[in-house]
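Quick note, the sequences are listed as chains A and B, same order. Heads up: the first sequence is residues 71 to 462, going by the numbering used here. Heads up: the second sequence is residues 801 to 1089, going by the numbering used here. A short worksheet on the structure shown next.
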Amino acid sequence: MFERKQFSRTAAAAAIAGLAAVVPAKAEDSVKVGLILPMTGGQASTGKQIENAIKLYMQQKGDTVAGKKIEIILKDDAAIPDKTKTAAQELIVNDKVNFIAGFGVTPAALAAAPLATQAKIPEVVMAAGTSIITERSPYIVRTSFTLAQSSTIIADWAVKNGIKKVATLTSDYAPGNDALNFFKQNFTAGGGEVVEEVKTPLANPDFAPFLQRMKDAKPDAIFVFVPAGQGGNFMKQYAERGLDKAGIKVIGPGDVTDDDLLNNMGDAVLGTVTAHLYSAAHPSQMNKDFVAAYKKAYGNRPGFMAVSGYDGIHLIYEALKKTGGDTNGDKLIEAMKGQKWESPRGPISIDPETRDIVQNIYIRKVEKVDGELYNVEFATFEAVKDLGKTKK
Amino acid sequence: MTSILTNLFDGVAYGMLLFVLACGLAVTLGLMNFVNLAHGAFAMAGGYVCMVLVNRMGWPFFAALPLAFVSSAAIGIVLERTLYRHLYARSHLDQVLFTIGLTFMSVAAVDYIQGSSRVFINLPAALQGQFDLFGVGIGRYRLMIIVICGLLTIGLQMVLAKTRFGSRLRAAVDDPRAASGLGINVPQVFAFTFAFGCGLAGLGGALSAEILGLDPYFPLKFMIYFLIVVTVGGSSSITGPFLASLLLGIGDVAGKYYVPKMGPFVIYTMMIVILIWRPNGLFGRTAAR
């Protein structure tokens, strides 16, 4: 007991001494990034992936850019918008951060938007995927994706590949409705027919009755968007009900077959065709290195959220390089516009007009590679912009 | 026509599952008059034990199921002896506060140990897929649920109605003082009953991973369903919750199939209608408590 006390006292003294030595220098030469992520709650896997990816990036590239030391301050909002707002306020007012970043879900990103505008600091969205987000503040940039990107592409692909009748099953919340509407728009424009449309409640325990309805509608394919966690249940029940044997394919945006969970979904998921921005099986050398480094550090494979975080921190680094370490928010946003780089997911850029991401969308099929399930890319739609902006 | 029967089958399977999950709660709430909102936590514990045994240690699924029961029952008995026991005589509000706190702790603990993402239990091939019986699609896994849960229900009813333990339990519930005067060890009977209810929940948790999904938020997500079953069924017997579970299971599946837009509300509408008609539940005691 005594020993421990003494130890902690020594440690505290050392810490204080350390702080005293660092603090005066820091105020001038550090750049603070306030990272707001869901680290607990149902979206926690998103938060963990992004945090991991950022740590990895900073290990690889060092924590100093343009003479400034990058300091990350992580706050957990559990994906509750009220908490996001409080966290953002604290970060901006107390910690005087130069960036706010992260945001696991759309409402969280929107809650912070007015604060970014007021404080004139960039808000880097690394996860949330509804189109409207970047329109809510001139200081928002996004490095993740929009649902319109993947949903319209999978619709175009379906039309071209002989899928004429589709039944849709989407979760009844903003991203689900986004996915459904953009899919329908492009699919019906291309001559396809939506024969059955089911919206499942977000807290949905059992897919059985919905799937039976799908089966009875006899479509060529089911278009699915459910939150990542439910994807596995959906796929299992899809196979249990024999929809795969009835020749009904599953298509959708890639959230259903997120790399994070894919390998646990079982063989039922084989053959599912999705459109998405990233697969851990993307065949570039850069991605191979990224996956290997991520696996080595954290023991599992990165998903699209990890890549979005990795690119998000990269964008912050690049913007600082371009401004020469100047942390003026307007200059940073200007520096971010039009940035182009090679990411583990492929070539990407920031649209100078919308501050949203422009990226390749890949069509992938779930296959078994070395005994593990992967989304294997087989077609590419290059440089896809977000098609869901309300202001054209 | 065949889809009606398939739906009926799915509904029965879903209802049976609800019953196994909730009947422990009916026992604690109805027989022991204790509000245990942490019931779902025991179900989750069983589910995770089964998952770890099957996925990580390679146990066969059917061997892991009894262990899910045993481990949840063991956790139940430990908590009953150390914590719950002190709250039997307290007000219902105290019980609610205590058990909801326990629920949040269980959520945080599982989240910390196992991570927040949803887990699946690897099933043997024999339980996967569907077969056709006169054109009616029968899911193998759901059939297994119906068989297991059906047998359990019959067994429970027999034990409660026919055995010495059953009559001791009923006596201990009706009048604990007189029962202990007659030499019945009331705390022991309650402890055993409580543990058994937890065990059933654990088994239900293991069985439900495939259908309902298993993640650390399980106890919170399904608390409402358990409570609906117990309220609608009345908590004085196990036949009440059993019929209520079946009714709700079938109603939920049929509602989602035939009126998908209204689907999620069917279960609540049914509850409201039944409670207006019979405020004490289908088989509630009218004036006993």
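Beta carbons are placed, not taken as given, at the ideal position from N, Cα and C, and that holds for glycine.
Which listed residue (the options) has its alpha carbon closest to that of residue i
i: E404 (chain A); options: A:T222, A:E388 and A:G246; result: A:E388
i: F934 (chain B); options: B:S803, B:P1079 and B:L1082; result: B:S803
i: Y814 (chain B); options: B:G1004, B:I1072 and B:R968; result: B:G1004
i: G172 (chain A); options: A:I386, A:N370 and A:D400; result: A:I386
i: A259 (chain A); options: A:A291, A:I223, A:T270 and A:P108; result: A:I223
i: N484 (chain A); options: A:K139, A:P353, A:A178 and A:Y308; result: Chain A is shown only over 71 to 462; residue 484 (chain A) falls outside these bounds and no answer can be derived.
i: Q355 (chain A); options: A:A316, A:P271 and A:P414; result: A:P414
i: R942 (chain B); options: B:L1075, B:F1018 and B:M816; result: B:M816
i: K125 (chain A); options: A:P417, A:P184, A:V265 and A:L144; result: A:L144
i: Y348 (chain A); options: A:P417, A:N231, A:M284 and A:Q409; result: A:P417
i: L239 (chain A); options: A:Y209, A:T270 and A:F253; result: A:T270
i: F869 (chain B); options: B:P860, B:S891 and B:F842; result: B:F842
i: T116 (chain A); options: A:M375, A:D381, A:F451 and A:M406; result: A:M375
i: V1029 (chain B); options: B:K1021, B:L1046 and B:L1020; result: B:L1046
i: L808 (chain B); options: B:D1052, B:T1069, B:N1080 and B:L1027; result: B:D1052
i: N836 (chain B); options: B:K962, B:R890, B:K1056 and B:V986; result: B:R890
i: F1022 (chain B); options: B:D810, B:L805, B:A822 and B:A908; result: B:A822
i: E266 (chain A); options: A:A249, A:A291, A:G246 and A:E160; result: A:A291
Beta-carbon spacing of residue i, residue j below 8 Å
i: G1013 (chain B); j: N303 (chain A); result: yes
i: I106 (chain A); j: T154 (chain A); result: yes
i: S214 (chain A); j: F295 (chain A); result: no
i: F1018 (chain B); j: G847 (chain B); result: yes
i: L818 (chain B); j: G1049 (chain B); result: yes
i: L960 (chain B); j: I1038 (chain B); result: yes
i: V820 (chain B); j: L1007 (chain B); result: yes
Exposed unless 16 or more other CB atoms sit within 10 angstroms - verdict on residue i
i: G262 (chain A); result: buried
i: S871 (chain B); result: buried
i: A95 (chain A); result: The pLDDT assigned to A95 (chain A) is 43, lower than 50, so where the model puts this residue is not dependable; a value taken from the coordinates is nonetheless given after this. Exposed, because fewer than 16 other Cβ atoms sit within 10 Å of the Cβ of A95 (chain A).
i: R212 (chain A); result: buried
i: F1083 (chain B); result: buried
i: W227 (chain A); result: buried
i: R434 (chain A); result: buried
i: Q988 (chain B); result: exposed
i: E193 (chain A); result: buried
i: N398 (chain A); result: exposed
i: G394 (chain A); result: exposed
i: V439 (chain A); result: exposed
i: T1069 (chain B); result: exposed
i: D328 (chain A); result: buried
i: Q159 (chain A); result: exposed
C-beta neighbour in chain B for residue i, strict 8 Å
i: I323 (chain A); result: Position check: residue 323 (chain A) holds Pro in this sequence, whereas Ile was assumed. With 8 Å as the cut-off, P323 (chain A) does not count as an interface residue toward chain B.
i: E310 (chain A); result: yes
i: K455 (chain A); result: no
i: P279 (chain A); result: yes
i: A114 (chain A); result: yes
i: L107 (chain A); result: no
i: R74 (chain A); result: With a pLDDT of 49 at R74 (chain A), under the threshold of 50, the modelled position of this residue cannot be trusted, and the question is left open.
i: P289 (chain A); result: no
i: A87 (chain A); result: With a pLDDT of only 47 at A87 (chain A), under the threshold of 50, the placement of this residue in the model should not be trusted; the figure read from the coordinates follows. Answer no: the Cβ-Cβ gap between A87 (chain A) and chain B never drops below 8 Å.
i: R206 (chain A); result: no
i: N122 (chain A); result: no
i: K306 (chain A); result: yes
i: R283 (chain A); result: yes
i: P151 (chain A); result: no
i: T342 (chain A); result: no
i: Q130 (chain A); result: no
i: V361 (chain A); result: no
i: P245 (chain A); result: no
Within-8 Å CB hit, residue i to chain A
i: Y1017 (chain B); result: yes
i: Y1090 (chain B); result: Given a span of 801 to 1089 for chain B in the structure shown, any question on residue 1090 (chain B) remains unanswerable.
i: L805 (chain B); result: no
i: E880 (chain B); result: no
i: F920 (chain B); result: yes
i: L960 (chain B); result: no
i: V1053 (chain B); result: yes
i: Q914 (chain B); result: no
i: I1028 (chain B); result: no
i: A1088 (chain B); result: Because A1088 (chain B) sits at a pLDDT of 42, beneath the cut-off of 50, its placement in the model cannot be relied upon, and the following sentence gives the value as read from the coordinates. It does not; no Cβ of chain A falls within 8 Å.
i: Q930 (chain B); result: yes
i: G937 (chain B); result: yes
Complete alpha helix (DSSP H) runs within the stretch 387–438 of chain A (minimum length 4 residues, chain order) = 399–406
query = What are the uninterrupted segments assigned as alpha helix (DSSP H) that are 4 or more residues long and contained completely in the stretch 904–965 of chain B, given in chain order?
reply = 940–962
inquiry  = Give the list of continuous alpha helix (DSSP H) stretches no shorter than 4 residues that lie fully inside the stretch 176–224 of chain A.
reply    = Within the stretch 176–224 of chain A, the complete alpha helix (DSSP H) segments at least 4 residues long are 176–189, listed from N- to C-terminus.
query = At what residue ranges does the stretch 88–176 of chain A contain a whole run of the beta strand (DSSP E), taking only runs of 3 or more?
reply = Counting only runs of 3 or more, we get 100–107, 138–146 and 169–172.
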